[in-house]
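Number of protein chains: 2
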Amino acid sequence: MPGATDIPTRDRILYASAELFRRQGYAGTGLKQIATEARAPFGSLYHFFPGGKEQLADAVLRTGGRFFLALYEAVAGAAPDFPTAVRDFFAGAAQTLEATDFADACPIATVAGETASTHEVLRQATADVFESWLTAVARDAVEAGVPAERGRPLAVSVLAVLEGAFLLSRSLRSTEPMAACADAAAALVEAALAEEPAAQGTTKLPMTQETTT
Amino acid sequence: MPGATDIPTRDRILYASAELFRRQGYAGTGLKQIATEARAPFGSLYHFFPGGKEQLADAVLRTGGRFFLALYEAVAGAAPDFPTAVRDFFAGAAQTLEATDFADACPIATVAGETASTHEVLRQATADVFESWLTAVARDAVEAGVPAERGRPLAVSVLAVLEGAFLLSRSLRSTEPMAACADAAAALVEAALAEEPAAQGTTKLPMTQETTT
DNA sequence: GCTCCTCTAGATAGAACGTTCTACTTGTGA
DNA sequence: TCACAAGTAGAACGTTCTATCTAGAGGAGC
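Listed in order, the protein sequences are those of chains D and W.
The opening residue of the first sequence carries number 336 in my numbering; numbering runs sequentially from there.
The opening residue of the second sequence carries number 336 in my numbering; numbering runs sequentially from there.
Structure, rendered in structure tokens:
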């Protein structure tokens, strides 16, 4: 009888940590609270994560990042086209926010903001996760017909809108920002698709200008 | 000889707290560190802020919010038109990020994410500040020619893009997200301006539909 | 001179923190 | 049956946390 259910202790710890970190932040969450919430003995934390809190948070961020990526892939796979995929993802985010009383948003944003300037290890973890998301979105955008060199900036913009919408929705305790940002993200996607008339797949055209800094 | 300079102790405390809170978050910043950084005796913290850490953070958030609003008004006042104002503000944000080694971004975002689900008093403070910014941006948008009922959602989107850009730039330690998001925000603004050909001021037209949830 | 008030100054308390430690239980393979 | 590894369980350590407390410096008004 290891716990209340048959979920392994390590997974219970990861899951509870993910919930607490994303809601309360890294510094605001104590290991004792994690152990209690995970119904795990305190010693098990250090058994599974000898590196302590930092190693645990690193694992939580990367696991959460993979999970969120899979969620996106699932939504994108089910949608008929790319703009719809983006809209659906925002709609799902709004639903989750409302269902969890505006607690569950981005799995890494809170920790990312907190540790960007103070905890290099965790900053790197969040950066890796963000990059993995950007890669996936940019790939889908280009496959949908966005010019190759526009894929990355579009992905960055869409992710930024999503993260901003998460923050504003949680602070204002309203899905209004998420709704407004869904429209904005869709508009950005459609504008990018309209930039090149009908480039199918990876057709490369010589661009005369680059707008990057 | 109260301190190193002739800045009053209360202001030194507020300033140091603002710096530390936005970089390390609320839970990640100790009162002792604030006292040290502000070159203030520990007792002075509780003299000026009898409500303790929470009251101090509340004051910091609202003061920082007013300061950031004034900064926006200054940039907007100096710009020839609204899209330029938005672009200029993003450019300034990118400059500040780089100058402070990606530490100084939004004055309230880190605390907002951290306390949205745990500290109702501070959540309300961040919400009030966000609202004050949204009001200002929406007003300028409408004055620039954006249809009245589109002002608010546009302001929300632009602020969300900015906040997302702050987060991504800090995590990735790069101004690339800020640059990409400047383009995106400008595109959103220009699209909103193009929605109504030449509605000057508060010309109201009957809308057939509402897209809000 | 004296009192009041503001602010400085830091010691101290009690709880919570992350971490380390030892002891116990259980399951597996020799 | 024994040995060993994996995981459980929580006490204990030193540090840091927020908050409270007392004491005194300095100026203003009477």
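Idealized CB from N, CA, C, for every residue including glycine.
Could you give the C-beta distance for residue i and residue j, rounded to a whole number, given that I count them as a contact under 8 Å?
i	j	result
valine 421 of chain D	valine 496 of chain W	That belief does not hold up - the Cβ atoms of valine 421 of chain D and valine 496 of chain W are roughly 14 Å apart, past 8 Å.
proline 418 of chain W	glutamate 525 of chain W	6 Å
leucine 457 of chain D	tyrosine 381 of chain D	About 18 Å separates the two Cβ atoms, so there is no contact after all.
alanine 392 of chain D	valine 446 of chain D	7 Å
alanine 353 of chain W	leucine 404 of chain W	About 14 Å separates the two Cβ atoms, so there is no contact after all.
phenylalanine 437 of chain W	alanine 451 of chain D	7 Å
arginine 508 of chain W	aspartate 439 of chain W	At roughly 13 Å, the Cβ-Cβ gap does not stay under 8 Å, so arginine 508 of chain W and aspartate 439 of chain W are not in contact.
leucine 502 of chain W	glycine 448 of chain D	6 Å
leucine 349 of chain D	threonine 398 of chain D	6 Å
leucine 494 of chain D	alanine 476 of chain D	At roughly 11 Å, the Cβ-Cβ gap does not stay under 8 Å, so leucine 494 of chain D and alanine 476 of chain D are not in contact.
Contact criterion: CB-CB distance below 9 Å. Does residue i meet it with respect to chain W?
i	result
serine 467 of chain D	no
glutamate 372 of chain D	no
alanine 434 of chain D	no
valine 496 of chain D	yes
tyrosine 407 of chain D	no
aspartate 341 of chain D	no
alanine 413 of chain D	no
glutamine 359 of chain D	yes
leucine 391 of chain D	no
arginine 508 of chain D	yes
arginine 397 of chain D	no
threonine 318 of chain D	In the structure as shown, chain D starts at 336 and stops at 548, and residue 318 of chain D therefore has no counterpart that could be examined.
glycine 427 of chain D	no
leucine 523 of chain D	yes
glutamine 535 of chain D	Low local confidence applies: a pLDDT of 49 at glutamine 535 of chain D is under 50, so the model's placement there is unreliable, with the coordinate-based value given in what follows. It does not; no Cβ of chain W falls within 9 Å.
proline 418 of chain D	no
arginine 345 of chain D	no
arginine 474 of chain D	no
proline 337 of chain D	Because the pLDDT at proline 337 of chain D is just 38, under 50, the model does not fix this residue reliably, and the point stays unresolved.
alanine 529 of chain D	no
proline 512 of chain D	yes
Give the range of the alpha helix (DSSP H) segment to which residue i is assigned.
i	result
proline 343 of chain D	Taken as a continuous stretch (DSSP letters only), proline 343 of chain D belongs to no alpha helix (DSSP H), as it is neither H nor E.
tyrosine 361 of chain W	Tyrosine 361 of chain W -> no alpha helix (DSSP H), and no H or E assigned at all.
serine 379 of chain D	377–383
valine 456 of chain D	455–479
alanine 444 of chain D	444–450
My output table needs one value for residue i: the three-state DSSP class, helix, strand or coil.
i	result
phenylalanine 417 of chain W	helix
cysteine 516 of chain D	helix
threonine 510 of chain D	coil
proline 482 of chain W	coil
glycine 499 of chain D	helix
phenylalanine 437 of chain D	coil
arginine 422 of chain D	helix
alanine 373 of chain D	coil
glycine 399 of chain D	helix
glycine 427 of chain D	helix
glycine 412 of chain W	helix
glutamate 354 of chain W	helix
glycine 386 of chain D	coil
Check whether chain D comes within 9 Å of residue i, counting only Cβ atoms and requiring the distance to be less than that.
i	result
glutamate 449 of chain W	yes
serine 352 of chain W	no
arginine 422 of chain W	no
glutamate 484 of chain W	no
proline 442 of chain W	no
aspartate 518 of chain W	yes
methionine 542 of chain W	Here methionine 542 of chain W scores only 44 on pLDDT, less than 50, and its place in the model is too uncertain to base an answer on.
valine 491 of chain W	yes
threonine 547 of chain W	Low per-residue confidence applies at threonine 547 of chain W: pLDDT is 44, beneath 50, and the placement is therefore not dependable enough to give any value.
leucine 503 of chain W	yes
alanine 526 of chain W	yes
arginine 401 of chain W	no
threonine 431 of chain W	no
threonine 445 of chain W	yes
glycine 480 of chain W	no
glycine 386 of chain W	no
glycine 378 of chain W	no
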